[in-house]
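Numbering (mature numbering (1 follows the signal peptide of the UniProt record, and there is no 0)) for the sequence shown: -31 to -1, 1 to 366.
For glycine and all other residues, C-beta sits at the position ideal for the given N, C-alpha and C.
None of these values were measured; they are calculated from a predicted model.
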Amino acid sequence: MPGSALRRFLPPATALAACLGSVFPGSAAQAAEPLRVGGAVLEAVDVAQLAGFPGPDPERALDAFRRTCAAAPVPLAPTITGDAAALSAACARAAAVAPEGAASFFATAFAAYRVVRPAAEGTPVRRTGFLTGYFEPELSGSPEAAPGYTAPVLARPADLVSLEPGEAHPGLDPTLRAARRTEAGLVPYPDRAAIEDDGPGPSRIPLLWLHPVDLFVLQVQGSGRVRLTDGRVVRVLYDGRNGRPYTAIGKLLVAEGHLPLEGLTLARWTGWLRDNPEIARRLMRRNQSYIFFKLAPVEDAALGPPGAAGVPLSPGHSLAVDSTLWRYGLPFWIEASDDPATGRIVIAADTGSAIVGPARGDLYLGTGEAAGVAAGNLRAPAGFVVLLPRAAAPAGP
């Protein structure tokens, strides 16, 4: 996507209309051996060489960094890149930085490393990464089943057991990421069709009710806000999944000839599903993955739901990354591959099953319809520069 298009699809509220561990002293210092993360090389670069750094609104990035880095740590692999002690020291320093000092803070407290993938002989090849967008849908719902609200949002069942990556159990397909606890042991958890056919019951408690297509959207996004018919607004948060494989419904719609790939936006495919409920039901059931939820209040309407790091997401500044490679709280400089001056600082605060690799990110763009349009249109090559805190030698594989 051209840089101008990349800017056009990002929300103006975050100033995106204008643009899209520790290290050796000196932001351009070279280590004796190249740092490597997930098959990529981290190539030191002076921040002065990053066109447009630190972007149009570094103070918003600073706010996102302070909230993310101060959160209680979540369990992560010991081999991830980003020294915890160094990041904690940078976090403590950030607490005293005034908004007008945000640019200087990011330029001096961190060293910049461009993420590049090596060729077979080990020479870095400047292949760009890839950036997409996601959002928090705002949906209408009912506290009880009612006309137009026939799909239950189910709470996490007591018999659901989530499995960690690499965790295996006898008799279970190792690709499954969850199981059902029974008296005889763990068995595969039912797929979407079976869960829908069983419906709510003693072990599956409905939290509220949505239109079936809205429930599907909620499960694709992982969380959302729901405006209930009684006037309340609640946040619905991810609380586990059945571990079955995910199938993108857009691919199914295109493969069966219902909609063309060109212009396949969220609004278009959800509208088509609403207009064709029988086909919609069949296609949605092709996605075996099923998400369970919990309810929470909306404490700050300007922020999104908590990401995997445990803190509310900042529109335009919270990034979902591969959490098997990067520590939450690390800042990144993201730039459109065809227009480096469109960069901005974002903070690793979330993850996702489709976010795999050292130069792959998903940018949180806010709540509601406009954010959904922006997220649906953001699919662009992008450059990734990680900012590692300066306290000690960089931690990583």
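Excluding sequence positions up to five away, which residues of its chain have a Cβ less than 6 Å from the Cβ of Thr293? In the sequence shown, counting from the first residue as 1, residue 293 sits at position 324. Its chain contains Ala46 as the residues whose beta carbon lies nearer than 6 Å to that of Thr293, once the 5 sequence neighbours on both sides are disregarded; these appear in chain order.
Assigned secondary structure, Pro181 (DSSP; H/G/I helix, E/B strand, else coil): In the sequence shown, counting from the first residue as 1, residue 181 sits at position 212. Look at Pro181 here: in three-state DSSP terms it is helix.
CA nearest to the CA of Ala217, picked from Met253, Glu231, Gly191: Here residue 217 refers to the residue found at position 248 of the sequence shown. The candidate whose alpha carbon is nearest that of Ala217 is Met253.
Under a Cβ-count criterion, where at least 16 other Cβ atoms within 10 Å of its own Cβ denotes burial, should Leu357 be classed as buried or exposed? In the sequence shown, counting from the first residue as 1, residue 357 sits at position 388. Classification of Leu357: buried, given that the 10 Å Cβ count is 16 or more.
Going along the chain, which residues of its own chain have a beta-carbon closer than 8 Å to the beta-carbon of Val186, five neighbours each way excluded? On the sequence shown, position 217 is the one that residue 186 refers to. Pro106, Leu108, Gly193, Leu235, Thr239.
Sufficient close CB pairs (3 or more, under 8 Å) joining the segment 256 to 275 to the segment 198 to 211: Three or more pairs of CB atoms, one per stretch, sit closer than 8 Å, so the segment 256 to 275 contacts the segment 198 to 211.
Tell me whether Arg29 sits in a helix, a strand or coil according to DSSP, three-state version. To locate residue 29, count along the sequence shown from 1; it is residue 60. Residue state, collapsed to three classes: helix.
Which complete alpha helix (DSSP H) runs does the segment 199 to 265 hold, if anything under 4 residues is left out? Segments of the alpha helix (DSSP H) lying fully in the segment 199 to 265: 218 to 224, 235 to 244, 246 to 255.
Between the CA atoms of Pro214 and Arg359 - distance to the nearest angstrom: Stepping through the sequence shown from its first residue, residue 359 is reached at position 390. Stepping through the sequence shown from its first residue, residue 214 is reached at position 245. Those two C-alpha atoms are separated by around 40 Å.
Ala30 and Ile324 closer than 8 Å at C-beta: The residue given as residue 30 occupies position 61 in the sequence shown. The residue given as residue 324 occupies position 355 in the sequence shown. Not closer than 8 Å, so no.
Nearest to Gly335 (by Cα), restricted to the options Leu282, Ile260, Cys38: Along the sequence shown, read from residue 1 onward, the residue named residue 335 stands at position 366. For the residues Leu282, Ile260, Cys38, the minimum Cα distance to Gly335 belongs to Leu282.
Which whole runs of the alpha helix (DSSP H) in the segment 31 to 112 are 4 residues long or more, in chain order? 53 to 63, 71 to 77, all fully within the segment 31 to 112.
4-residue-minimum alpha helix (DSSP H) runs that sit fully inside the segment 290 to 355, ordered along the chain: Listed in chain order, the complete alpha helix (DSSP H) runs (minimum 4 residues) inside the segment 290 to 355 are 338 to 346.
How would you write the range of the alpha helix (DSSP H) that Ala163 sits in, first residue to last? On the sequence shown, residue 163 is found 194 positions in, with the first residue counted as 1. According to the DSSP assignment, Ala163 belongs to the alpha helix (DSSP H) that extends over 161 to 167.
What does the alpha-carbon distance come out to for the pair Asp15 and Pro27? The residue given as residue 15 occupies position 46 in the sequence shown. The residue given as residue 27 occupies position 58 in the sequence shown. When rounded, the distance between both Cα atoms is 18 Å.
C-alpha gap between Gly276 and Trp178, whole angstroms: Here residue 276 refers to the residue found at position 307 of the sequence shown. Here residue 178 refers to the residue found at position 209 of the sequence shown. Per the coordinates, the alpha-carbon of Gly276 lies some 24 Å from the alpha-carbon of Trp178.
Use the C-beta contact count for Pro(-7): other C-beta atoms within 10 angstroms, 16 or more gives buried, fewer gives exposed. Here residue -7 is taken as the residue at index 25 of the sequence shown, counted from 1. Only weak support is given to the placement of Pro(-7): the predicted model assigns it a pLDDT of 32, under 50, and the question is left unresolved by the model.
Distance check for His286 and Pro181, CA to CA, integer angstroms please. By one-based count along the sequence shown, residue 181 stands at place 212. By one-based count along the sequence shown, residue 286 stands at place 317. For Pro181 and His286, the distance between alpha carbons rounds to 31 Å.
Assess contact between the segment 296 to 306 and the segment 337 to 347, defined as three or more Cβ pairs (one per stretch) separated by less than 8 Å. Is contact present? With the cut-off at 8 Å, the segment 296 to 306 and the segment 337 to 347 do not touch.
Proximity below 8 Å, CB of Arg146 to CB of Gly212: To locate residue 146, count along the sequence shown from 1; it is residue 177. To locate residue 212, count along the sequence shown from 1; it is residue 243. Against a cut-off of 8 Å, the Cβ pair of Gly212 and Arg146 comes out as a contact.
Compare the C-beta of Gly200 with all C-beta atoms of chain C and state if any pair is closer than 8 Å. Here there is only one protein chain, and chain C is not present.
DSSP three-state label for Ala20, please. Taking the first residue of the sequence shown as position 1, residue 20 is located at position 51. Three-state DSSP puts Ala20 in coil, outside helix and strand.
Whole-angstrom distance between Ala115 and Asp166, CA atom to CA atom: Counted from its first residue, the sequence shown places residue 166 at position 197. Counted from its first residue, the sequence shown places residue 115 at position 146. One C-alpha to the other measures close to 18 Å.
Comparing C-alpha positions only, which one of Phe79, Val195, Asp32, Arg149 sits nearest to Pro68? Stepping through the sequence shown from its first residue, residue 68 is reached at position 99. With distances taken between Cα atoms, Pro68 lies closest to Asp32.
If the criterion is Cβ atoms closer than 8 Å, does the pair Phe74 and Ala61 meet it? The residue you call residue 74 lines up with position 105 of the sequence shown. The residue you call residue 61 lines up with position 92 of the sequence shown. Not in contact: Phe74 and Ala61 (Cβ atoms no closer than 8 Å).
Quick check on DSSP: helix, strand or coil for Ser(-10)? The residue given as residue -10 occupies position 22 in the sequence shown. Note that Ser(-10) scores a pLDDT of 32, beneath 50, so its modelled location is shaky; the value from the coordinates is reported in the next line. The three-state secondary structure of Ser(-10), taken from DSSP, is coil.
Locate the beta strand (DSSP E) running through Pro139, then write down its first and last residues. Indexing the sequence shown from 1 puts residue 139 at position 170. Run containing Pro139: none; DSSP gives neither H nor E here.
Does the count of Cβ pairs from the segment 148 to 156 and the segment 130 to 140 closer than 8 Å reach three? Yes: the two stretches touch, three or more of their Cβ pairs being nearer than 8 Å.
Euclidean distance between Cα positions of Leu242 and Asn256: Here residue 242 is taken as the residue at index 273 of the sequence shown, counted from 1. Here residue 256 is taken as the residue at index 287 of the sequence shown, counted from 1. If I take the Cα positions, the gap works out to 14 Å.
Give the DSSP bridge partners of Gly276, in chain order. Counting from 1 along the sequence shown, the entry for residue 276 is found at position 307. DSSP output for Gly276 lists no bridge partner at all.
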